[in-house]
Amino acid sequence: MPHLFDDAVLAAVLGHMNGDHADDNLLIARAFADADAVNGDGIASASMTGFDGAAGRWVATLADGSTVTVEVAWPGGPITERPEVRREIVALYDEACRRLGVEPRPHA
Numbered sequence: 001m002p003h004l005f006d007d008a009v010l011a012a013v014l015g016h017m018n019g020d021h022a023d024d025n026l027l028i029a030r031a032f033a034d035a036d037a038v039n040g041d042g043i044a045s046a047s048m049t050g051f052d053g054a055a056g057r058w059v060a061t062l063a064d065g066s067t068v069t070v071e072v073a074w075p076g077g078p079i080t081e082r083p084e085v086r087r088e089i090v091a092l093y094d095e096a097c098r099r100l101g102v103e104p105r106p107h108a
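In the UniProt record's numbering, the protein residues as written are 1 to 108.
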């Protein structure tokens with residue numbers, strides 16, 4: 001069973017990602033969404049809805065208004081500590097940029 005983060009960690013990370021990194025959420029959803037689930041409709045927006053020690057989850061809104069869930073396993077494998085969440089989301093962002101041919105911004 002994957003590690004479950006407490007509500008305070010979930011709220012802090014989700015608030016940060018959805019408040020400060022909406023464009024990153026969109027890139028990740030576009031890069032990792034199952035092509036069959038999207039059915040040719042472009043992803044118009046995305047927000048991070050949850051995560052655990054195994055993966056992050058986003059809900060992607062398609063051009064037609066429908067939604068799909070995008071779940072992506074952490075690139076470095078299972079995690080159990082809050083600082084690892086940032087590391088893994090940054091890795092997903094970098095891989096999303098690579099897949100989509102987007103120049104990633106530098107990480108602070």
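C-beta: ideal position from N, C-alpha, C; glycine also.
Query	Result
Consult DSSP for L92 and reduce its assignment to one of helix, strand or coil.	helix
Please report the straight-line C-alpha distance between R105 and M1, rounded to a whole angstrom.	34 Å
Using a Cβ-Cβ cutoff of less than 8 Å, which residues in the same chain neighbour G15 once the five nearest sequence positions on both sides are dropped?	none
Let me know the secondary structure DSSP gives M17 once reduced to three states.	helix
Please specify which runs of the alpha helix (DSSP H), each continuous and at least 4 residues long, are wholly inside the stretch 29-67, giving them in chain order.	35-38
Among A55, A8 and V59, which residue has its Cα nearest to the Cα of M75?	Note on identity: in this sequence residue 75 is Pro, with Met being the wrong assignment. Here the closest residue by C-alpha is A55.
Please name the residue, chosen from V102, H107 and F5, that lies closest to L26 on a Cα-to-Cα basis.	V102
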